[in-house]
Amino acid sequence: MNKLDNKNILLGITGGIAAYKCAELTRLLKKQGANVQVVMTPAAEAFITPLTLQAVSGNPVRTQLLDPTAEAGMGHIELARWADLVVVAPASADFLARVVHGFANDLLTTICLATEAPIALAPAMNQAMWHNPITQANLAKIATYPHFLLWGPATGEQACGDNGQGRMLEPHALTDCVVQWAGVSITVTPSHSGPLAGKKVVITAGPTREAIDPVRYLSNQSSGKMGFALAEAAASAGAQVTLICGPTQQVAPSNITRIDVVSAQEMHAASLDAARQCDIFIGAAAVADFRPHTVAKQKIKKGAAASMQIELIKNPDIVADVAQLNPKPWVVGFAAETHDVIGYAKSKLQRKGLDMIIANDVSDPSIGFNGDNNAVTVIYNNASSDAEPRSLPENTKQALAAQLISLIAQAIPNRAPLNITSL
Ligand code: PMT
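Okay, structure coming up:
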């Protein structure tokens, strides 16, 4: 059995040099068992021919919205209904702008507006176009719609000679994303029973990025895997889950509300907002403690100086501020430490006013940050629970997440879910 058997993937191609990679992407998706139908914008035809994609997909390729022959066959609404997943690769800056504003001025945007399937966007554009505040504002808006997934872009050499963020993910990486999406959508079924049924859970995941100038930032090695695994485990336990994540390649299942952010300040604002309406808050993100005091408007030139200094200022502490809310949710933090792990974790538990802390020994590079496995110790605040610390030995992040959610469900006070309208 192939990983994408019986999955209907509608591949939308927009105008960008990376469009030439779509023949390979189509081939890889079909190799995994997917049915692939291709829709191209007029600009995409400048980079790859419909005939090539017809040959590799085995299906006629649609390019026109108002095409009487095609509408007599599989019309645009039928295509929108047929798709289990729409993948737009490459997604140009122009396409992102049009799709987020609800345009329906070509076949692909019309399908995106008409479909109830998730829409995965694989952006590709020049790095300056990607960093342009207008594109970033469009992406921030896209992130507010849970049916959009953002895959990429990668950083590297660009066709125009620039080097930076804006490369489309390679076909094999996009195929992996589709396979991961399919696995998640098959295995995670919304549960209306389970230990967290009726509870609202907010989880932070991944790194934050603190801008230095338009092309540089401070960040860390967090992949988001731990936070995403917790989100899936909480959803499987019946919770209504909101996942607030920094830049990550992870894919969230469609039964989780995903809010994408970039900086610690953005994560702070989104978290405080969501935490006011939740029962449990879990801070799994690796939030930058500091950010540059000023962000240069233009790329900093190295000049003749042998060294440079960047003044950093403290970021707000998200979990600590959530723990100060009144009423406050049940707050769980992580402590990523390289030495005296339990000692530092206990002091963070008290200092930040948390109900539970998950001590994470990150001195072993094979677990913790970015790995598939982790090993943790769960420490309770004695004011919230009299349970003893629990060591959970090395396991996959998915297995650990299921154990952690089960311990959290046992520890939370047996109170009625918060009534949002009364807040
Ligand atoms: O994302 P992965 O690659 O899967 O890796 C998982 C992980 C190692 C990142 C994760 O398991 C983990 O340990 N996350 C916390 C990392 C961290 O930054 O720890 P900390 O000790 O610096 O922070 C303590 C707690 O305060 C954390 O809950 C953190 O989310 C929170 N915090 C920190 C700073 C800040 N400004 N705001 C916060 O909310």
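So for the sequence shown, this note's numbering puts the first residue at 1394; every next one is plus one.
All C-beta atoms, glycine included, are put in the ideal place defined by N, C-alpha and C.
Being a predicted model, the structure only gives us computed values, none of them experimental.
Pick from L1589, P1600, V1481 and V1572: whose alpha carbon is nearest that of V1644? Translated into positions along the sequence shown, residue 1644 becomes position 251. Measuring from the Cα of V1644, the nearest candidate turns out to be V1572.
Is T1582 helix, strand or coil when you go by DSSP? For the purposes of this step, residue 1582 is taken as the residue at position 189 of the sequence shown. Confidence at T1582 is low in this model, with a pLDDT of 45, below 50, so its placement is unreliable and the value that follows should be read with caution. DSSP places T1582 in the coil class of the three-state scheme, outside both helix and strand.
Using the C-alpha atoms, what's the distance from D1477 back to N1401? Sequence index remark: in the sequence shown, residue 1401 carries index 8 (1-based). Sequence index remark: in the sequence shown, residue 1477 carries index 84 (1-based). Roughly 5 Å between the two C-alpha positions.
Tell me, please, whether the stretch 1410 to 1417 touches the stretch 1433 to 1441 by the rule of three or more beta-carbon pairs shorter than 8 Å. yes
For ligand 1, I want to know if N1763 counts as a neighbour, meaning its beta carbon is within less than 7 Å of at least one of the ligand's heavy atoms. Looking up residue 1763 in the sequence shown gives position 370. Because some heavy atom of ligand 1 lies under 7 Å away, the Cβ of N1763 counts as near it: yes.
Distance cut-off 7 Å: I1711 Cβ against heavy atoms of ligand 1: Along the sequence shown, read from residue 1 onward, the residue named residue 1711 stands at position 318. I1711 Cβ: within cutoff of ligand 1.
Between T1508 and T1419, what straight-line distance do the alpha-carbon atoms span, to the nearest angstrom? Counting from 1 along the sequence shown, the entry for residue 1508 is found at position 115. Counting from 1 along the sequence shown, the entry for residue 1419 is found at position 26. Their Cα atoms are separated by approximately 20 Å.
Contacts around V1581, its chain only, beta-carbon distance under 7 Å, and the 5 residues preceding and following it disregarded: The residue labelled residue 1581 in the question sits at position 188 within the sequence shown. Summary for V1581: the model assigns pLDDT 42, below 50, so the residue's position carries little reliability; its value from the coordinates is reported in the next sentence. Once the five neighbours on either side are set aside, the close Cβ partners of V1581 are E1625, A1628, S1629, P1646 and N1648.
Assuming I1637 contacts V1654 under a Cβ cut-off of 8 Å, what Cβ separation, rounded to an integer in Å, is found between them? Within the sequence shown, the letter at position 244 stands for residue 1637. Within the sequence shown, the letter at position 261 stands for residue 1654. Indeed, because the Cβ distance is near 6 Å, the residues count as touching under 8 Å.
Give the straight-line distance between the Cα atoms of Q1796 and R1651, rounded to the nearest whole angstrom. Sequence index remark: in the sequence shown, residue 1796 carries index 403 (1-based). Sequence index remark: in the sequence shown, residue 1651 carries index 258 (1-based). Cα-Cα distance, rounded: 22 Å.
Where the alpha helix (DSSP H) through N1531 begins and ends: The residue given as residue 1531 occupies position 138 in the sequence shown. Where N1531 is concerned, the enclosing alpha helix (DSSP H) stretches over P1526 to I1535.
DSSP three-state call for D1714: helix, strand or coil? The residue labelled residue 1714 in the question sits at position 321 within the sequence shown. Of the three classes helix, strand and coil, the one that applies to D1714 here is helix, per DSSP.
Note down, in chain order, each residue of its chain lying with its Cβ closer than 6 Å to the Cβ of H1661, except the 5 sequence neighbours on either side. For the purposes of this step, residue 1661 is taken as the residue at position 268 of the sequence shown. P1709 and I1711.
N1774: beta carbon under 7 Å from a heavy atom of ligand 1? For the purposes of this step, residue 1774 is taken as the residue at position 381 of the sequence shown. Flag unset: Cβ of N1774 not near ligand 1.
I need the straight-line Cα distance from D1606 to M1561, nearest angstrom please. Looking up residue 1606 in the sequence shown gives position 213. Looking up residue 1561 in the sequence shown gives position 168. Approximately 23 Å between the Cα atoms of the pair.
Thinking N1767 and K1790 are a contact (beta carbons under 8 Å), I'd like their distance in whole angstroms, please. On the sequence shown, residue 1767 is found 374 positions in, with the first residue counted as 1. On the sequence shown, residue 1790 is found 397 positions in, with the first residue counted as 1. Rounded, the Cβ-Cβ distance is 5 Å, consistent with contact.
Ligand 1 and M1749: does the residue's C-beta get closer than 7 Å to at least one heavy atom of that ligand? Numbered from 1 along the sequence shown, position 356 holds the residue referred to as residue 1749. Between ligand 1 and the CB of M1749, the shortest heavy atom gap is not smaller than 7 Å.
Closer than 8 Å, CB to CB, is K1707 near chain B or not? Absent here is chain B; the protein component of the structure consists of one chain.
Contact set for K1423: own chain, Cβ-Cβ below 6 Å, skip 5 residues either direction: Indexing the sequence shown from 1 puts residue 1423 at position 30. So the list reads V1429, once near-sequence residues are dropped.
Based on DSSP bridge pairs, tell me the residues matched to M1749. As a position in the sequence shown, residue 1749 is number 356, starting the count at 1. Paired residues: V1725 and Y1773.
With burial defined as no fewer than 16 other Cβ atoms inside 10 Å of the residue's Cβ, what is the status of E1603: buried or exposed? For the purposes of this step, residue 1603 is identified with residue 210 of the sequence shown, where counting begins at 1. Note on E1603: 16 or more other CB atoms within 10 angstroms of its CB, so buried under the neighbour-count rule.
Under three-state DSSP, which class holds E1730? Mapped onto the sequence shown, residue 1730 falls at position 337. Correct three-state label for E1730: strand.
Under three-state DSSP, which class holds K1423? Along the sequence shown, one-based indexing puts residue 1423 at 30. Residue state, collapsed to three classes: helix.
What alpha helix (DSSP H) runs, 4 residues minimum, are completely inside the stretch 1450 to 1485? 1461 to 1465 and 1469 to 1475
Looking only at C-alpha atoms, which of S1777, I1760, I1693 and D1779 sits nearest to N1788? Stepping through the sequence shown from its first residue, residue 1788 is reached at position 395. With distances taken between Cα atoms, N1788 lies closest to I1760.
Continuous beta strand (DSSP E) stretch holding K1707: start and end: Taking the first residue of the sequence shown as position 1, residue 1707 is located at position 314. It spans L1705 to K1707 - the beta strand (DSSP E) in which K1707 sits, taken as one unbroken run.
For T1548, list the residues DSSP reports as bridge partners. Numbered from its first residue, the sequence shown carries residue 1548 at position 155. Residue pairing by DSSP puts T1548 in a beta bridge opposite Q1558.
If contact is defined by three or more beta carbon pairs under 8 Å, each pair taking one atom from either stretch, is the stretch 1610 to 1618 in contact with the stretch 1689 to 1698? no
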